[in-house]
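There are 2 protein chains.
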Amino acid sequence: MKHLFKTLCAFCFFASAVQAQELLSPNGELAMKFELQDGGRPSYSLTYKGKTVIAPSMLGMKLKDNTTLCDGMTVENVERSSQDETWTPVWGEENSIRSHCNEMLVHLKQDSHNRRMDIRFRLFDDGLGFRYEFPLQRELNYFVITDECTQFAMTGDHTAYWIPGDYDTQEYDYTRSRLSEIRGLMEASITDNLSQTSFSPTGVQTALMLKTDDGLYINLHEAALVNYPCMHLNLDDKNFVFTSWLTPDPNGDKAYMQSPCTTPWRTVIVSDDARDILASRLTLNLNEPCKIADTSWIHPCKYMGVWWEMITGMSDWSYTNELPNVRIGQTDYSTLKPHGRHGATTENVKRYIDFASENGFDGMLVEGWNIGWEDWFGNFKDEVFDFVTPYPDFNVAEIRDYARQKGIKMIMHHETSASIRNYERHMDAAYQFMKDNGYDAVKSGYVGSIIPKGQNHYNQWQVNHYLYAVQKAADYKIMVNAHEAVRPTGLCRTYPNLIGNESARGTEYQAFGGSKPSHTTILPFTRLIGGPMDYTPGIFENDIHKLNPNNNSWVNTTLCNQLSLYVTMYSPLQMAADLPQNYERFMDAFQFIKDVAVDWDHSWYLEAEPMEYLTVARKTKGKDEWFIGGTNGEQPRTSVISLDFLPKGKYVATIYKDGKDAHYKNNPQTYDISQQKVTEKTKLKVWTAAGGGYAVRIVPVASK
Amino acid sequence: MKHLFKTLCAFCFFASAVQAQELLSPNGELAMKFELQDGGRPSYSLTYKGKTVIAPSMLGMKLKDNTTLCDGMTVENVERSSQDETWTPVWGEENSIRSHCNEMLVHLKQDSHNRRMDIRFRLFDDGLGFRYEFPLQRELNYFVITDECTQFAMTGDHTAYWIPGDYDTQEYDYTRSRLSEIRGLMEASITDNLSQTSFSPTGVQTALMLKTDDGLYINLHEAALVNYPCMHLNLDDKNFVFTSWLTPDPNGDKAYMQSPCTTPWRTVIVSDDARDILASRLTLNLNEPCKIADTSWIHPCKYMGVWWEMITGMSDWSYTNELPNVRIGQTDYSTLKPHGRHGATTENVKRYIDFASENGFDGMLVEGWNIGWEDWFGNFKDEVFDFVTPYPDFNVAEIRDYARQKGIKMIMHHETSASIRNYERHMDAAYQFMKDNGYDAVKSGYVGSIIPKGQNHYNQWQVNHYLYAVQKAADYKIMVNAHEAVRPTGLCRTYPNLIGNESARGTEYQAFGGSKPSHTTILPFTRLIGGPMDYTPGIFENDIHKLNPNNNSWVNTTLCNQLSLYVTMYSPLQMAADLPQNYERFMDAFQFIKDVAVDWDHSWYLEAEPMEYLTVARKTKGKDEWFIGGTNGEQPRTSVISLDFLPKGKYVATIYKDGKDAHYKNNPQTYDISQQKVTEKTKLKVWTAAGGGYAVRIVPVASK
């Protein structure tokens, strides 16, 4: 990448003469203002097309030495510059991404302590990013942040789409409410989780989606979370002001800093059209360019897995009931009687491989393959897994050879049980074991409370670990899909081997009692702002009771809704999560999953309203092929879209849509598949059921 | 090792019929009794030659689930057995060690919770060891110990030789006082340390040495501390009852347990002759046999080091003053101006190697060789060292080749700055770097508060780390000498590559203001009960001001006291810690350090009184050569010993003793060296000064 920033001008001011500093976005529609309030207190505000998005909001830090960086500031000087570059992601929703912004770097000085703090603002046409920067200085050499005081002052009692703030999980259903209603709804929104730590009756997580009564869509999040705690937002619900709330360490400290250093970017994406929120690349643009020199080994992947049968309770991760507990390295499984419900048997895995291979999949995940699952969770057990020792009925070499022969790449599973030291101690051996056995991607898991006790999933110490695992994996040319890790913030630009994250309520909850039918209509506005999610869609059998008589869960979507997710829930890693035998009952609908691409030249956001619906079209990377996904929420509706994103030409569209009486609860498996000729002038009208959706594949007539 | 324990008899009792269970030591002089007190409360007591050593004392545990294992117990049965085996240590004070004891395993059941706990007692002629054992059971599968309730009830207001209980350091001077005086003396005894956490005004550390008014010497400690927190003792100073006080984790929990499991052994060494405390091998005998199959690469070592010049402030570990802080991997030292006081320069190291080689040493330690020392301490900095990158003026390859040519083995230094995760992350690369550059031993350091904040040096999490480092080192055939780690508990039997520990106030404190002249007359009774100490003796120049004008410390020993330590302070790793130029001024005295052995066939404890004096003779391993060390405390005295440990024959003894006006403060460097013919019938009378001592080498006349 060449020199990106062109310095437009650099002014020096006498501290006493500082006026408000203003900055416009390239198209002039966003305007921000930096100002020192009385007492030298830094603040900012933001407007969009003249409407206030962020009212004057304070900036600064509290430090462990009982001083603050919130007041007594003077502006030493302000540097202005602009950026307009286009970069090529290794994979993504687009094959090239433009980053176009104006920048203002405000150099602040606090005379009382003779120390400096800079705030860098980047204003794009789709939103604002800003971060704190601490130049190298003896007066702020090593320091501890006890609170970040960044405010996001809302202009009214907006509608928010939120999940409870929590130091350990994001696996909650979303609540839509007025800001003033959050406090009253908080308790009910904190549903049970294996590890959870809430902190405030008005604390919520980012990415937070908001909608104003005058039609603005606002998204608050962060970008490039590196060596800093994850930020939550705590609401002053009298004044509708959010303040950043960092995840603490066991001592209540937030961040250990060493200058020169920066915080992550705080982001405000804004538009009067909800589709622009989905189209925003601001989060990626605020991350550093790719740091991996050779990315040839990184590839999107469509996969199946021996997984849903365990999630539903049809089979199990564990092997035997004979052990009160396991000692890795000492427990001898070879003499133990299997309980007969182990999912990851060589035979069963081969059955999945056969099906995946016959249907053109790339990868195969197997959970529960390695010893230790008999007592893996909830015991604060240090060495819970070793990541290299298979159960007696899982033949690593045989499966390796079988998968290779069938053209399937095996995907490793590393459940850490949140025993972080144990994982780091075994990491080299575990990654090497993968390479030796033909695995080039790993799904890692962090289920349960962090070990050692006292740490949380989202504090600085843990955030550091997740990136360490990704960086070390890159050394081995291994791709990472981390579950229960901290939510993504666009780091996949810098480390594109981070091909997936969970960090939200995934499909598994459909087997844990069900998620709201609207769930996937809000995730692209929230969780996916930071990066792709391994949502694991494709569940065709709604009645989990059929798989496991002890499980009465119901999957709250229609079958076509499941198909739509392959387009609307962007991920370079897409799973067909259901069982082969369930797909075999619906092979005509399964054809869409077989066909759908996982990497794209371009994406168009055709319809969108948070928690209601979204319709997305994408062009397959390097191929004249387009897919459309329409995901609907609880209210039946008719999607009306134009195909004007197509080049002039003649095409055939294969449309998978809900049957006329479809309903996520009563009649989820009815669908219609039809073909029609289309051109760039075609308008499509597709009815979608409650919890429904549709999916379309379009190819040129010639290539049909 | 063959089947060691011969079951003498196993009785089964009805719970209601249980009488006190008694056990005698092999020679019958020690007798212990296990008894259930009212309410089914387990207790024990111990006598020596009819005198009570431990009055009835309670046993048990408190658990996290708010239940205890302290009462409601019944005795299910008692197994009795005996052991008499002789084993061969890889190195040590003896070339073979006899372990001879009677054992009683008491199986307890707590009906209220249907759970079992065993207590295993081993009674040797020199003392008692007992531990808790938790059989595999679903009712105690995973459990958390919040307190261990083991008591050691003293029979009166004994004299104790103690240092303050502390979760982070043992680097204190010893205080001799009555038990009743501990509380009043505690505050003054807690001298400053870089990391320290005291917990109780009557809390003390083990190994605790005690003396009763009727002449019993009692030592309380623990053996085989593995995956459990380090035990302190907290005194009820009204009743003179010590209770175990475990080092907590950041949540206040003590130990995470998984059955089957055991605690470390709690030990009571006792005699009416102080010399027997020193001769006891009970701590080693309670540890597991060697777990390293090939020990051929483990070797005792006499070494010098580029170290004392940094400790005194004459030179420095760091390289430059130009850095406000260091970022490993980013800071480029090659362009920085050195401050000129860096000790670990190639040239300086070569000078030390020359001197060490000329004088027959084996090894050479160099501290401050690797980048990061400019800001290594006190910043809660995560990645403080990488353990592989040298300063620009330390040429690893050149020194490797030079040392090899001169017959010197380089000793690596890994200061971790207590950043544990960082060390574990770099450990493989660091150990491999050692092997690649001819280092087969490492001195590791854990200076400062543990990172992450909230952990302590001696809790279960950290104890686990220290052993991990030793085990991993063994994989690389590397010997470990860990400083600031948890105090040793005889684990060097199981892992003989653990060739040294500090874990006490070492010689360095003589340059930090000085230690008590009696210090080395108590350490063998306390710290060394658990294993050898890298005390780093051999300081010939008392006036530190001569090395560094800004340091007014004084070494509170005579020169001959320093010589004596090579015999009295047993270690397979012995340093000649002073500078070559200081030795060059006293080459006749230095001859003793050149001559003295570091591995032994046998040892004799000729005179001993804690905090007063001790005199030890040892026979060089595999050689007709004997050494005697006499270390004296604050009172001048005449040592009178018989050489009857010698085989019948004619010998020449070379005696290094304090000059007649010697005194540690006023006249420390005066000494006499003389030779005389001796036989096994010779009695030696040697006067020793205040803070003085003497050293003797004896060889057959023929071999002189």
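Chains as they are written, first to last, in the working numbering: chain A, 73 to 776; chain B, 73 to 776. The beta carbon of each residue, even a glycine, is placed where N, CA and C say it ideally should be.
Checklist entry - So, does the CB of B/Lys-105 fall closer than 7 angstroms to a CB anywhere in chain A? => result Judged by the 7 angstroms Cβ criterion, B/Lys-105 is not in contact with chain A.
Next on the checklist: In whole angstroms, give me the CA-to-CA distance for A/Val-768 and A/Ala-351.
Outcome noted: Put simply, the backbone Cα of A/Val-768 is about 20 angstroms away from that of A/Ala-351.
Item to check | Cut-off 8 angstroms between Cβ atoms - residues of its own chain near A/Lys-422, not counting five sequence neighbours on either side | outcome: If we look at A/Lys-422 and ignore the five residues flanking it on each side, its Cβ neighbours are Ile-471, Tyr-474.
Checklist entry - Expressed to the nearest angstrom, what Euclidean distance is found between the alpha-carbon atoms of A/Phe-196 and A/Arg-255? => result A/Phe-196 and A/Arg-255: Cα-Cα distance of roughly 33 angstroms.
Checklist entry - From B/Ser-429 to B/Glu-656, what does the alpha carbon distance come to, in whole angstroms? => result One Cα belongs to B/Ser-429, the other to B/Glu-656, and the distance between them is close to 14 angstroms.
Item to check | Cβ shell of B/Phe-314 (< 6 angstroms), same chain only, five flanking positions each side left out | outcome: For B/Phe-314, same chain residues with a beta-carbon under 6 angstroms away, outside a window of 5 residues either side, are Phe-224, Leu-305, Leu-307 in chain order.
Checklist entry - For A/His-411, does the count of other Cβ atoms within 10 angstroms reach 16, so buried, or fall short, so exposed? => result Per the 10 Å Cβ criterion, exposed.
Item to check | Which listed residue (A/Phe-459, A/Phe-505, A/Thr-392, A/Asp-190) has its alpha carbon closest to that of A/Phe-206 | outcome: Considering only alpha carbons, the answer is A/Asp-190.
Item to check | Test: A/Tyr-239 CB closer than 7 angstroms to a CB of chain B | outcome: Taking 7 angstroms as the CB threshold, A/Tyr-239 stays off the interface with chain B.
Checklist entry - Between B/Thr-687 and B/Glu-679, what straight-line distance do the alpha-carbon atoms span, to the nearest angstrom? => result B/Thr-687 and B/Glu-679 have their alpha carbons spaced roughly 5 angstroms apart.
Checklist entry - For B/Pro-682, which residues in chain A fall below 8 angstroms Cβ to Cβ? => result Contact annotation for B/Pro-682 against chain A: no contact, minimum CB-CB distance about 38 angstroms [criterion: below 8 angstroms].
Next on the checklist: DSSP three-state label for B/Leu-96, please.
Outcome noted: It is a strand residue.
Checklist entry - Are the beta-carbon atoms belonging to B/Ile-611 and B/Asp-650 less than 7 angstroms from one another? => result In contact: B/Ile-611 and B/Asp-650 (Cβ atoms closer than 7 angstroms).
Checklist entry - Which residues in the same chain as A/Tyr-642 place their Cβ atom closer than 7 angstroms to its Cβ, once the five residues preceding and following it in sequence are excluded? => result Answer for A/Tyr-642: Glu-165, Leu-600, Pro-604, listed in chain order.
Checklist entry - Which stretch, first to last residue, makes up the alpha helix (DSSP H) that contains A/Thr-367? => result Here A/Thr-367 belongs to no alpha helix (DSSP H), and DSSP marks it neither H nor E.
Checklist entry - According to DSSP, which residues form a beta bridge with B/Leu-353? => result In the sequence as displayed, the identity of residue 353 of chain B is Arg instead of Leu. Note: B/Arg-353 sits in no beta bridge, so no partner.
Checklist entry - Expressed to the nearest angstrom, what Euclidean distance is found between the alpha-carbon atoms of A/Ala-469 and A/Ala-416? => result Those two C-alpha atoms are separated by around 14 angstroms.
Checklist entry - Quick one: Cα of B/Phe-86 to Cα of B/Met-133, how far? => result Residue placement at B/Phe-86 is poorly supported in this model, since its pLDDT is 42, which falls under 50; the coordinates still yield a value, given next. When only Cα atoms are considered, B/Phe-86 and B/Met-133 end up about 24 angstroms apart.
Next on the checklist: Measuring straight from C-alpha to C-alpha, what distance separates B/Leu-212 and B/Val-342?
Outcome noted: Rounded to the nearest angstrom, the two C-alpha atoms are 34 angstroms apart.
Item to check | Residue environment, A/Arg-338, which counts as buried when at least 16 other CB atoms sit within 10 Å | outcome: Residue environment: A/Arg-338 is assigned as buried (16 or more neighbouring CB atoms within 10 Å of its CB, all protein chains considered).
Checklist entry - Just to confirm, are A/Thr-629 and A/Gly-721 a CB contact at a threshold of 7 angstroms? => result No, these two residues do not count as a Cβ contact at 7 angstroms.
Next on the checklist: Tell me which residues of the segment 204-222 of chain A have at least one Cβ-Cβ distance to chain B shorter than 8 angstroms, keeping chain order.
Outcome noted: Within the segment 204-222 of chain A, those residues whose Cβ lies closer than 8 angstroms to any Cβ of chain B are, in chain order, Leu-208, Gln-209, Arg-210, Asn-213, Tyr-214, Val-216.
Next on the checklist: Taking the straight line between their C-alpha atoms, what separation do you get for B/Lys-507 and B/Leu-619?
Outcome noted: Those two C-alpha atoms are separated by around 34 angstroms.
Checklist entry - Based on the DSSP secondary-structure assignment, which residues constitute the bridge partners of B/Glu-697? => result None, per the DSSP bridge assignment.
Checklist entry - Where does A/Ser-368 land, buried or exposed, given buried means 16+ other C-beta within 10 angstroms? => result With fewer than 16 other beta carbons inside 10 angstroms of its own, A/Ser-368 counts as exposed.
Checklist entry - Buried or exposed: where does A/Leu-280 fall if 16 or more other Cβ atoms within 10 Å of its Cβ makes it buried? => result By the neighbour-count criterion, in which a residue is buried when 16 or more other Cβ atoms sit within 10 angstroms of its Cβ, A/Leu-280 is buried.
Next on the checklist: Tell me the residue span of the alpha helix (DSSP H) that contains A/Phe-312.
Outcome noted: Element bounds for A/Phe-312: n/a, residue is neither H nor E.
Item to check | Contact residues within the segment 180-196 of chain B, judged by C-beta distance below 9 angstroms to chain A | outcome: Residues passing the 9 angstroms Cβ filter: none.
Checklist entry - Counting Cβ pairs, one atom from each stretch, are 3 or more of them under 8 angstroms apart for the segment 476-488 of chain B and the segment 504-518 of chain B? => result The segment 476-488 of chain B is in contact with the segment 504-518 of chain B.
Next on the checklist: Based on DSSP bridge pairs, tell me the residues matched to B/Phe-24.
Outcome noted: Residue coverage of chain B in this structure runs from 73 to 776, which leaves residue 24 of chain B outside it and unanswerable.
Item to check | Separation of B/Tyr-239 from A/Asp-198, as counted between CA atoms | outcome: When rounded, the distance between both Cα atoms is 54 angstroms.
Next on the checklist: Give me the residue from A/Val-298, A/Gln-182, A/Asp-325 with the minimum Cα distance to A/Glu-220.
Outcome noted: Answer by Cα proximity: A/Asp-325.
Checklist entry - Just the Cα atoms here: how many angstroms apart are B/His-75 and B/Ala-295? => result Its pLDDT being 45, under 50, B/His-75 is placed unreliably by the model, and the measurement read from it follows with that caveat. B/His-75 and B/Ala-295: Cα-Cα distance of roughly 21 angstroms.
Next on the checklist: Relative to the C-alpha of B/Val-773, which candidate in B/Asn-622, B/Ala-725, B/Trp-759 has its C-alpha closest?
Outcome noted: The option with the nearest alpha carbon to B/Val-773 is B/Ala-725.
Checklist entry - Is DSSP giving A/Ser-117 helix, strand or coil here? => result Strand, per DSSP.
Checklist entry - At a Cβ threshold of 7 angstroms, is B/Phe-85 touching chain A? => result Per-residue confidence for B/Phe-85 stands at a pLDDT of 43, beneath the threshold of 50, marking its modelled position as unreliable; no derived number is given.
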